[in-house]
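In UniProt numbering, the protein residues as written are 1 to 461.
Next up, the structure:
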C-alpha cells in the first residue's frame, strides 16, 4: 500500500493557515513504551459546568521518515472504489464533479460531544431532524445541502453474548462487521467516520447528514456523548436528540455513556442505572440502528481528574452491571472498552473482569507530535493483547493533541490508515471533528471539504 508524501500533500492541498491556535496545559503520564502521553483534550463539557482541564496526549516516539511515503493520484467516479479504497456510493451512475485531484463541494462541518455551552447556529437540517435539549450532549452542524446516500444497512442479528463463552463472542463479531454500512468511507477494510461538533464549545453545531453532504461521502460510524449522572435515572435524552440523524445517516452509532458523580445503580446490588442505559440502547436497536456502546470511556483518565468517581473496582462492577443488562435487554448492542492511552499495567488494572463481555477494544488517542510511526507503536501491543478470540479493535475518537495544520491532521490520518496492515483486527476509526479548545476539524467548512475529499480520493490501496 502506498501513501501520499508530505511534500505532495502540501503541493496538492491549498492549506489554510487561519485555524485557531490555542495552547493548552496538560498532565503527563509515563507509559511503558518509554514515551510520555498526556490525556487528550478534555472534550466532554458538562451541563453542571464542571471545569475540565484540557489535557492532550503527548507522544515522544521513534522518528520515521515520512518523506518515504509515496504519492499516487487517480480519482475514480463516486460509485467506484477510489484509489484509496474509499467507497462513495451515490444515487446516480454519473461520476461526481471533480478536477484532476479533488472533488468540489460546498458546505461546512464539525463534530460532536457533550453539553450545551455556546450559541447554536441555525443550520439547515438535511434529514429533517428535531433536536431536543442540549442539556448534556449535542450533535453536529453544517450548511450545505446534498442528496442523501441511500444504503441498505445490513445490521445482522447478534445473539445474546454468553459471558462464559468465547465461541459466542467470536460469532458475534460477524454481525458486528456486517453492521458497518456498505458504500461508506473505507480504506482497504478500515471504516472511517466522525464525532460531529455539538456546538457546545465554540464550534458550529452539525448533523451527520450535513457532514456527509459536505464531503460527498458517507461516514461509517457516528460518535456521540452523554452523561449518566449518579442518583439521576438515565433517560438518554442527549442520545435520543440525535436518533433521527443517526437513523438517516445509516452509520454505526457509537454512544459514549459517561457515569458522572458516582456509580449508583451500577453495581451487583443495585443495577437500576444499568437497566436504564440498556433500555435507551434498545430504543436505537429497535429502529434497526447498530450500536457499539462505549461505556465509561477513558475511565483510566477520568478517575484522575474527578469526572468519574471511585476506583478501577467501581468501573469493573459498573461494566459487569451494564454488560449484563445489555445482554438481557438489548443483546444486539456491542460492548466497547476504550481506555485512554496509558501503560500496559494501567490497561491491565482497568480491563473488565470478564473479557467475554467485551466485543470491541480500542484506545482514545491524541498525539502531541507526529513522528510517522506513533500510532502503530502505541496501539500494537494493546491490539495484540486484547483484540483476540473474535474481539475487534476500533478507535472511538482521535485527532491531533495540539492545534496543528491541516497537513499535520492529514498526516496523522494517513498514519492511522497505514497501521491497518499491521493490525488485522482494526475495523474502524472516528475523528473528533470539533472546534473546541482549538480547531480539531478535518472537514465541515468550505475551506476544508475539498481538501478532505482530495485526500481520500488520492490514497491508493
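Beta carbons: idealized from backbone N, C-alpha and C, even for Gly.
Backbone secondary structure at residue i - three-state DSSP
i	result
residue 228	strand
residue 287	coil
residue 205	coil
residue 213	helix
residue 442	coil
residue 269	coil
residue 452	helix
residue 408	helix
residue 319	helix
residue 447	helix
residue 366	coil
residue 240	helix
residue 105	With a pLDDT of only 24 at residue 105, under the threshold of 50, the placement of this residue in the model should not be trusted, and no figure is reported.
residue 222	strand
residue 376	helix
residue 436	coil
residue 356	helix
residue 304	helix
residue 182	coil
residue 162	Interpretation of residue 162 is limited by its pLDDT of 31, a score under 50 that renders its predicted location unreliable; the figure taken from the coordinates is listed afterwards. Of the three classes helix, strand and coil, the one that applies to residue 162 here is coil, per DSSP.
residue 280	helix
residue 197	strand
residue 387	coil
residue 382	helix
Integer-rounded CB distance, given that residue j should sit under 8 angstroms from residue i
i	j	result
residue 387	residue 361	6 angstroms
residue 258	residue 237	Incorrect: roughly 14 angstroms between the Cβ atoms, too far for contact.
residue 430	residue 397	6 angstroms
residue 203	residue 434	6 angstroms
residue 392	residue 190	Between residue 190 and residue 392 the Cβ distance is about 12 angstroms, and since that is not below 8 angstroms, they are no contact.
residue 411	residue 346	That pair is no contact at about 27 angstroms.
Alpha-carbon spacing of residue i relative to residue j, whole angstroms
i	j	result
residue 372	residue 380	14 angstroms
residue 216	residue 407	21 angstroms
residue 279	residue 331	11 angstroms
residue 441	residue 427	22 angstroms
residue 452	residue 283	34 angstroms
residue 454	residue 390	35 angstroms
residue 448	residue 214	9 angstroms
residue 446	residue 383	36 angstroms
residue 329	residue 275	8 angstroms
residue 186	residue 192	6 angstroms
residue 277	residue 199	24 angstroms
residue 368	residue 402	6 angstroms
residue 404	residue 366	11 angstroms
residue 343	residue 327	30 angstroms
residue 281	residue 314	22 angstroms
residue 432	residue 319	24 angstroms
residue 424	residue 292	19 angstroms
residue 439	residue 197	11 angstroms
residue 239	residue 302	21 angstroms
residue 370	residue 422	19 angstroms
residue 385	residue 188	23 angstroms
C-beta atoms of residue i and residue j nearer than 8 angstroms
i	j	result
residue 436	residue 219	no
residue 339	residue 179	no
residue 312	residue 349	yes
residue 254	residue 294	yes
residue 307	residue 260	yes
residue 287	residue 334	no
residue 234	residue 273	yes
residue 532	residue 241	Because residue 532 is not part of the residues shown, which for the chain are 1 to 461, the question remains open.
residue 195	residue 223	yes
Chain-order list of residues whose beta-carbon lies under 7 angstroms from that of residue i (same chain, five-residue window excluded)
i	result
residue 11	Confidence at residue 11 is low in this model, with a pLDDT of 40, below 50, so the placement of that residue is unreliable and no value is reported for it.
residue 355	none
residue 409	400 and 442
residue 212	149, 218, 219 and 249
residue 221	191, 193, 251, 252, 254, 428 and 430
Close beta carbons around residue i, own chain, < 8 angstroms, minus the five adjacent residues each side
i	result
residue 271	265, 321, 324 and 325
residue 364	40, 297, 298, 338, 339, 340, 341, 395, 396, 397 and 398
residue 352	316, 319, 320, 323, 337 and 358
residue 243	283, 284, 287 and 289
residue 267	317, 318 and 321
Same chain, Cβ closer than 6 angstroms to residue i, five either side skipped, listed in chain order
i	result
residue 309	262
residue 416	375 and 429
residue 256	225, 294 and 297
residue 229	260 and 261
residue 16	Caution applies to residue 16, whose pLDDT of 37 falls short of 50 and renders its modelled position unreliable; the value that the coordinates give is listed next. Within the same chain, residue 16 has close Cβ partners 447.
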